[in-house]
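With positions in the sequence shown counted from 1, the corresponding number in the working numbering is that position plus 511. Ideal placement from N, C-alpha and C gives every residue a C-beta, glycine not left out. Since the model is a prediction, treat every value here as computed from it, not as a measurement. One structure is given here, and the rest of the page talks about it.
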Amino acid sequence: MKSDLRYLACLRLSSDSDESTAIARQRRGIEHYVNAPHVAGILVGEAEDTDVSGGLSPFRRPRLGRWLNHRADEIKTRIGGRKQTTHRIAKELNEKGVLTWSDHLRERKGQVPKGVMWQATIINKMVRSNWFPGIYTYKGEAVLGDDGEPFILPDRPHAEMDEWFDLVERIAPKETSAKGPGTRAAKSLLAGIAKCGECGASLARVSTSGAQRKDGTRSPSRYSYRCTNRFRGGSCKKGAYIACEELDRVAEDIVLQSVGQWQQYDRAGAGPSVEKELAAAGARLTRLEGDFLAGKCDGEGQEESYWRMHKSLSGTVRHLKKQQEERRNPHIRPTGRQYGEVWDEKDQDDRRSFLKEYKVTMWVWRDCLPDMARGSRSGAVLDLGEIGRIAAEQKLVMPEPADWIWCGWNVPRHWASPHLLEDPETREALAEAYGSTELPMTLRGRLDAYERERPT
Numbered sequence: 512m513k514s515d516l517r518y519l520a521c522l523r524l525s526s527d528s529d530e531s532t533a534i535a536r537q538r539r540g541i542e543h544y545v546n547a548p549h550v551a552g553i554l555v556g557e558a559e560d561t562d563v564s565g566g567l568s569p570f571r572r573p574r575l576g577r578w579l580n581h582r583a584d585e586i587k588t589r590i591g592g593r594k595q596t597t598h599r600i601a602k603e604l605n606e607k608g609v610l611t612w613s614d615h616l617r618e619r620k621g622q623v624p625k626g627v628m629w630q631a632t633i634i635n636k637m638v639r640s641n642w643f644p645g646i647y648t649y650k651g652e653a654v655l656g657d658d659g660e661p662f663i664l665p666d667r668p669h670a671e672m673d674e675w676f677d678l679v680e681r682i683a684p685k686e687t688s689a690k691g692p693g694t695r696a697a698k699s700l701l702a703g704i705a706k707c708g709e710c711g712a713s714l715a716r717v718s719t720s721g722a723q724r725k726d727g728t729r730s731p732s733r734y735s736y737r738c739t740n741r742f743r744g745g746s747c748k749k750g751a752y753i754a755c756e757e758l759d760r761v762a763e764d765i766v767l768q769s770v771g772q773w774q775q776y777d778r779a780g781a782g783p784s785v786e787k788e789l790a791a792a793g794a795r796l797t798r799l800e801g802d803f804l805a806g807k808c809d810g811e812g813q814e815e816s817y818w819r820m821h822k823s824l825s826g827t828v829r830h831l832k833k834q835q836e837e838r839r840n841p842h843i844r845p846t847g848r849q850y851g852e853v854w855d856e857k858d859q860d861d862r863r864s865f866l867k868e869y870k871v872t873m874w875v876w877r878d879c880l881p882d883m884a885r886g887s888r889s890g891a892v893l894d895l896g897e898i899g900r901i902a903a904e905q906k907l908v909m910p911e912p913a914d915w916i917w918c919g920w921n922v923p924r925h926w927a928s929p930h931l932l933e934d935p936e937t938r939e940a941l942a943e944a945y946g947s948t949e950l951p952m953t954l955r956g957r958l959d960a961y962e963r964e965r966p967t
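Structure below.
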C-alpha cells in the first residue's frame, strides 16, 4: 500500500435501517485505519450524511457530493464566470498537480498514477457531456418529460440548462476562414482583431531581424503588425505597419480608459444550432402523422402506441423550436463586475479571447493626420463591438456618457465619432482642420453594416 495517501472519512446513518453504526464509532474506526503503520495515510476531512439511503449515488449525497463535484463546479465558474479558456484551465491544473479522473481512480485503488496530463479536449468533453446539466439519457438519447423538456435526474446539477448552453457555446471551436492569413495567435494580443484601415485585410505579426553590430552580434529582433495584403504583394498601397508592443499598449489603454469602469454585461448564449435536429424531428413527426391518416395504425394496440410516439415527438419538436428561438434572441444579463476587473485578471491569451468574444476590431492606418512626425505615423480606431452595442440597446447609464462605440488614437476626430458630421458648424471646422471630412472606406463599410444589423 502506498504511504501518504489522502483519505476522506465518509460517515453515514441509513434512512432505511435503525441498525447503522453510530457516527462517533464510525469516525474512530476510520481514524484507527488511516493511522495504522501499514497505511500511514492523511485524513483530509470528513463528509457526514445522516438519514440517507445506501443506494443513493455518492455524487448525490449532500455532504459527500460536495467533495466529489467541486472540480466540475470550479471548471464551470472559470469558463462561465471568469471567461478563461479551457487551454488555460488545463495548464493551471497541470501546474498545481491536480490528478485527472483516471489517475484519481488509480490512486484510490492504491495504484501508481500514470501522470496523465489535463488537456483542453478532456475539459471540453466533460462540459459537453449530458451529465454536466444532469440530463437523463437512454441509449444515447435525451429522455424528455411530458412537457417536451429534457428530464433532469439530479436535484442539484453542475449547471442549469441555460448555463450549460452558454458554456457549450463558449468552448465551441471558432470558425476560421480558409482565406484568412496565418498569424502567431499565441504571441500577439491583437491577432485576428487588428485590421488594415486602408484595405480591411488582417494584420499579421512579423519578426524583423536586428541589425548587425560592429562586433558581429545582432540587436534583438523586433515584432511588428503588418498589412498582409501589402506584405504579400497585394493591391494595398498604404498598408498599416506598426510595432506590436506599441499597438498592444494602445489597445489596452483604450479598453481600460473607455470602458474599464463600466459594469460588464453579456449576451447569454443558448448553445449551438439545433436546426438539423429540428428538421429531422419534424420530418419524423410528419411521417408518423401521415402513417396514421393512411390507416397504418388501425391494428390492435397500434393507436395507443401512435399517441405515445406522437406525444414524445411533439415534445421534442417543441423543445428544439424553443431552443432555436432562444439562440436567435439571447437575453442580456449583468455579470456584477466591471470590465476593468475582468481585464486585469486575464493573461494575454484570455484577453485576446475576450476581445474576440465581444467582436472588438482595431483599424490601423499610416499617415492619417496632416504632418505626422517620423516615428509616430500610425493611428487607429478601436470599435468596441458588442460592448458598445449592448450599452446602446439597454440604454445603460455609464460613469461617463458614451457618444459613440468607437475610440480613436492619432486619427481625425470624426473618424472615431462620425456623428459629429451631422452638425454643419462642426463639419466645417473639421474640414478646415483635416482638409476633408471623408471617412475611410473601411469605416464607411462598418457604418453600413450597423444600419443593416439594427433591429427594425
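Quick one: using the 10 Å Cβ neighbour count with 16 as the cut-off for buried, is residue i buried or exposed?
i	result
Ser816	exposed
Glu845	A quick correction: the sequence has Pro, not Glu, at residue 845. Pro845 comes out exposed.
Leu958	exposed
Gly812	exposed
His975	Residue 975 is absent from the structure shown; the chain starts at 512 and stops at 967.
Val623	exposed
Ile553	exposed
Leu954	buried
Leu678	buried
Leu616	exposed
Leu804	exposed
Ser613	exposed
Tyr649	exposed
Asp1034	As displayed, the chain neither begins before 512 nor continues past 967, which places residue 1034 out of reach and without an answer.
In this structure, does DSSP put residue i in helix, strand or coil?
i	result
Gly890	strand
Ala653	strand
Thr597	helix
Asp858	coil
Tyr544	helix
Asp959	helix
Gln813	helix
Asp666	coil
Cys521	strand
Lys706	strand
Leu604	helix
Ile765	helix
Asp759	helix
Ser746	coil
Asp802	helix
Ile753	strand
Met873	strand
Gln772	coil
Ala916	Here the sequence assigns Ile to residue 916, which means Ala is not the residue at that position. Ile916: coil per DSSP, three-state reduction.
Arg572	coil
Ile982	Residue 982 falls outside the range modelled here, since the chain spans only 512 to 967, and no answer is possible.
Compute the distance between the beta-carbons of residue i and residue j, then report whether it is under 8 angstroms.
i	j	result
Ile682	Asn635	yes
His925	Leu941	yes
Leu758	Ala891	yes
Asn921	Ser947	no
Tyr752	Arg737	yes
Ile901	Ile843	yes
Val638	Tyr647	no
Asp777	Thr596	no
Leu516	Glu680	no
Gln835	Val785	yes
Just tell me which of the options has its CA closest to the CA of residue i.
i	options	result
Gly626	Arg619, Asn605, Ile633, Ala653	Asn605
Gly645	Ala631, Glu652, Trp629, Phe662	Phe662
Pro668	Gly576, Lys650, Ala751, Trp629	Gly576
Asp666	Trp642, Gly552, Gly540, Glu868	Trp642
Pro573	Gly540, Leu522, His549, Thr611	Leu522
Val555	Thr561, Trp612, Val545	Val545
Val761	Leu700, Ala805, Ser713	Leu700
Cys755	Gly727, Thr719, Thr728, Val785	Thr719
Ile541	Ala520, Asp560, Glu814, Phe676	Ala520
Ser864	Glu837, Glu936, His598, Gly793	His598
Gly793	Leu516, Pro881, Leu610, Met820	Met820
Val563	Ala547, Thr532, Leu524	Leu524
Leu714	Thr728, Asn740, Glu559	Asn740
Gln630	Lys620, Thr611, Gly621, Leu616	Thr611
Lys607	Met628, Lys620, Gly621, Ser613	Met628
Cys927	Pro951, Asp934, Lys832	Reading off the sequence, residue 927 comes out as Ala, not Cys. Here the closest residue by C-alpha is Pro951.
Ala712	Gly750, Glu943, Leu866, Gln859	Gly750
Tyr869	Glu603, Arg963, Gly896	Gly896
Ile534	Glu557, Tyr518, Ala547, His549	Glu557
At least 3 beta-carbon pairs within less than 8 angstroms: the region 847 to 865 vs the region 767 to 774
Enough Cβ pairs lie closer than 8 angstroms, so yes.
Three-pair Cβ contact test at 8 angstroms for the region 788 to 798 versus the region 864 to 877
With the cut-off at 8 angstroms, the region 788 to 798 and the region 864 to 877 do not touch.
Would you say the region 859 to 874 touches the region 697 to 707, given that touching needs at least three Cβ pairs under 8 angstroms?
Between the region 859 to 874 and the region 697 to 707 there are three or more C-beta pairs closer than 8 angstroms, enough to call the two in contact.
Hey, is the region 914 to 932 in contact with the region 784 to 792, meaning 3+ C-beta pairs nearer than 8 angstroms?
Result no; under three Cβ-Cβ pairs closer than 8 angstroms.
Would the region 817 to 836 count as touching the region 744 to 764 if we require 3 or more Cβ pairs under 8 angstroms?
At 8 angstroms Cβ cutoff, the stretches do not touch.
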